[in-house]
Amino acid sequence: MDKILIIEDEESILLALEDNLKLEGYAVSSAEDGELGLVLAKEQNFDLILLDIMLPKMDGFEVCKQIRQANILTPILMLTAKGQEIDKVLGLEIGADDYVTKPYSPRELLARIKALLRRSKSIPAEIETYKFGDIEVDFLKYEAQKKGKRIYLTALEFDLLRYLIKHNGQVIPRDRILDNVWGKEVYVQQRTVDKHIADLRKKIEDDPSNPRHIQVVRGVGYKFAG
Ligand code: CA
5 MDKILIIEDE ESILLALEDN LKLEGYAVSS AEDGELGLVL AKEQNFDLIL
55 LDIMLPKMDG FEVCKQIRQA NILTPILMLT AKGQEIDKVL GLEIGADDYV
105 TKPYSPRELL ARIKALLRRS KSIPAEIETY KFGDIEVDFL KYEAQKKGKR
155 IYLTALEFDL LRYLIKHNGQ VIPRDRILDN VWGKEVYVQQ RTVDKHIADL
205 RKKIEDDPSN PRHIQVVRGV GYKFAG
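Residue numbers (my numbering): 5 to 230.
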């Protein structure tokens with residue numbers, strides 16, 4: 005049973021959401037303010053989080069940001085009111101996956117929830133082999149080929165590439181790449197990421213100055229397109 009956390013302070017909306025989701029067979033937990041929502045999101049393992057923006061104690065943007073800073077990759081669906089800053093919601097810096105605008109139809113909301121759950125489950129926990137463009141990578145053997153010819157990646161480049169592939173299509177901030185590939189305890193400057201991405205591009209891209217697979221998103225981070 006998928007577990008959904010609802011962070012919403014308006015009681016009527018919260019109750020309706022809980023009822024709807026329980027009817028659909030989800031296990032539901034809820035928090036009526038941002039701080040409690042963040043605590044629950046960190047303590048328990050949810051499959052999806054529904055997050056309102058205007059919340060007591062801590063707003064939804066901040067909750068979302070802190071969830072991502074804690075390296076929790078649970079899909080987050082923002083509940084926004086009309087006129088709220090949709091750009092900011094989709095804003096890559098906060099790391100939400102999708103949003104619906106209130107008042108939403110329960111059917112639309114359920115469809116979005118299902119789509120997000122499906123998407124998050126289609127990403128395997130660990131990738132063993134992966135093909136994209138003319139590249140083939142075997143992460144178990146630490147071997148890679150481009151157009152059928154062996155190319156040589158360092159162990160770090162394999163880890164970096166695997167992390168990018170795992171988040172195919174998502175924009176990943178540099179600090180999250182650092183925390184996940186280098187580890188949190190290691191002090192590395194953010195431009196170290198840029199250097200290693202540049203090295204990796206030289207090996208895998210046809211034209212490293214105009215990369216197809218590892219794209220930079222200015223001011224934010226990188227995005228893998230497989
Ligand atoms: Ca609210």
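Cβ coordinates follow ideal geometry from the N, Cα and C atoms, glycine included.
Restricting to Cα atoms, I'd like to know which of the options is closest to residue i.
i, options, result
"G187", "L164, L42, K207", "L164"
"A85", "A100, H217, V104", "V104"
"K135", "F228, K61, A20", "F228"
"A100", "S124, Y108, L114", "S124"
"K199", "Y226, E112, L77, E66", "Y226"
"H217", "G173, Q70, L77, N184", "G173"
"M82", "R154, G64, N184, D6", "G64"
"Y167", "I71, D183, Q70", "D183"
"N24", "I117, K69, V141", "I117"
"L19", "G29, Y30, S34", "S34"
"G41", "V141, I17, E147, I71", "I71"
"A28", "A74, R111, K151", "According to the sequence as given, residue 28 is Glu; it is not Ala. Nearest C-alpha to E28: R111."
"P79", "V224, A119, Y146", "A119"
"K206", "K170, Y191, Y156", "Y156"
"K26", "D203, I8, D37, Y191", "I8"
"V43", "Y30, D203, I76", "I76"
"G152", "K145, G137, M5", "G137"
"E132", "L121, I139, L113, K145", "K145"
"P107", "D210, D6, S16", "S16"
"A148", "V224, V185, L113, L204", "L204"
"E130", "R122, D142, C68", "D142"
"G230", "V221, E209, R222", "E209"
First and last residue of the alpha helix (DSSP H) that includes residue i?
i, result
"Q219", "Here Q219 belongs to no alpha helix (DSSP H); instead the beta strand (DSSP E) covers 218-221."
"Q194", "194-208"
"D179", "178-181"
"A115", "110-125"
Over what stretch of residues does the beta strand (DSSP E) that includes residue i continue unbroken?
i, result
"D142", "139-142"
"L9", "7-11"
"E147", "147-150"
"Y30", "Element bounds for Y30: n/a, residue is neither H nor E."
"V190", "It is not in any beta strand (DSSP E) - V190 carries neither H nor E in the DSSP assignment."
"G225", "225-228"
- Just checking, does the stretch 38-49 make contact with the stretch 148-160 on the three C-beta pairs under 8 angstroms criterion? no
- Would you check if there are 3 or more beta carbon pairs closer than 8 angstroms linking the stretch 10-24 to the stretch 54-67? yes
- For the stretch 174-182 against the stretch 195-205, are there 3 or more C-beta pairs whose distance is under 8 angstroms? yes
- Residues with a Cβ closer than 6 angstroms to any heavy atom of ligand 1, in chain order? D13, E14, D56, M58, L59
- Curious, which full-length beta strand (DSSP E) runs of at least 3 residues does the stretch 32-93 contain? 52-56, 80-85
- Query: Hey, which unbroken runs of the alpha helix (DSSP H) at 4 residues or more fall wholly within the stretch 152-177?
  - Reply: 159-170
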